[in-house]
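Undergrad:
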Amino acid sequence: MHYTTKQIALMDKLHRLQGFRRVLLSDYIPFRCMRCGFCCREYSPNLTLGDIYRISTFLGISPVKFIEKYCVVEELLGGEVIKLRHDKYCILLRTTHGVPTCCVYSIRPLSCRLYPLHYIHLNVLDERVLEVAYVDGKCIGVGISGSNLVNVREVAQYVAEALIHQIVLEEYGSTTKFISLYPQIKYIVNLLSNAVLTCLRRKRELSLDLLNYVRYLVRENMERPVK
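Residue -1 is where the sequence shown starts when you use this note's numbering, and the numbers rise one by one after that.
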């Protein structure tokens, strides 16, 4: 999906109204998770193909069963969005000795790994690619000495998986029936992630040729029978 500069300005304004502030990926942002469970109560993360495959494998169930039990599928303007179920708090949140705990913490969704950083990779109508990052000012761990919130490698992984997810959606109109094929395209995700990482570090844009090549690889692998 391509955005106009007016839509991007509106997105910026909405983020500010919700307590987010714009940051650069080169910024050092002190952060330490306080295990308060705020993000698990307030937000429901969008899931990528990779997120669903990793979590369903960890739980020992099929991707289809995982989606049926743990997710909601929303139809939005940009296409299908898969989110974790959320009724007062995330369906995967547990409380252990009074401490909020994610039951899939080691393989939690990429957007959860990035939080309170909210990163957006936008295609603009004039063919530019805009990198936008916000920090949620409502998170009490921001500013507390610990580690740098910005992990560029995780951002690159998130961008790569989000782009692959979008390509599958554009090519086939749905992502849910292709999740079991994720192992066939994992090498493409890694290829794209490394390319995104290089671009972020050098402050360059992803080339259209690379994205077209990735789209070609996705089509080739998605239409190939599982071995």
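Just so you know, even glycine gets a beta-carbon here, dropped at the ideal spot from N, CA and C. Since the structure is predicted, the reported quantities are computational estimates derived from the model, not experimental observations.
Pick helix, strand or coil for C38, following the three-state DSSP scheme.
TA: helix
Undergrad: In angstroms, rounded to a whole number, what distance separates the CA positions of T226 and L47?
TA: Shown here, the chain extends from -1 to 225; a query on residue 226 therefore has no answer.
Undergrad: Please classify N149: does DSSP put it in a helix, a strand, or coil?
TA: Per DSSP, reduced to three states, the secondary structure at N149 is coil, with no helix or strand assignment.
Undergrad: With respect to the beta strand (DSSP E) encompassing E72, which residues constitute its N-terminal and C-terminal limits?
TA: C69 to L74
Undergrad: Counting C-beta neighbours from all protein chains within 10 Å, is the total for L109 16 or more, i.e. buried, or is it exposed?
TA: The residue you asked about is not Leu; residue 109 is Ser in the sequence shown. Answer is buried; the Cβ neighbour count reaches 16.
Undergrad: Just verifying my parser: in three-state terms, what is the DSSP assignment at Y132?
TA: strand
Undergrad: Assign K63 to one of three DSSP states: helix, strand, or coil.
TA: helix
Undergrad: With three or more C-beta pairs closer than 8 Å as the rule, is the stretch 148 to 158 touching the stretch 179 to 196?
TA: yes
Undergrad: Go to I105, then tell me how far its beta strand (DSSP E) extends in each direction, as first and last residue.
TA: From DSSP, I105 is part of no beta strand (DSSP E); its letter is neither H nor E.
Undergrad: Indicate whether I80 and L45 have their beta-carbon atoms separated by less than 8 Å.
TA: yes
Undergrad: I need the DSSP call for R14, collapsed to helix, strand or coil.
TA: If DSSP states are grouped into helix, strand and coil, R14 belongs with the helices.
Undergrad: Any idea what DSSP makes of K225, helix, strand or coil?
TA: Residue confidence for K225 is low, a pLDDT of 49 falling below 50, so the modelled location carries little weight and cannot support an answer.
Undergrad: In terms of residues, what are the limits of the beta strand (DSSP E) holding T94?
TA: L91 to T94
Undergrad: Buried or exposed for G139, please, with buried defined as at least 16 other CB atoms from any protein chain shown within 10 angstroms of its CB.
TA: buried
Undergrad: What are the boundary residues of the alpha helix (DSSP H) that includes L198?
TA: Y180 to R200
Undergrad: So what does DSSP say about E203, is it helix, strand or coil?
TA: coil
Undergrad: Verify whether the separation of the beta carbon atoms of P61 and I177 is less than 8 Å.
TA: yes
Undergrad: Given that a residue counts as buried once 16 or more other Cβ atoms are within 10 Å of its Cβ, and exposed if not, what is L115?
TA: buried
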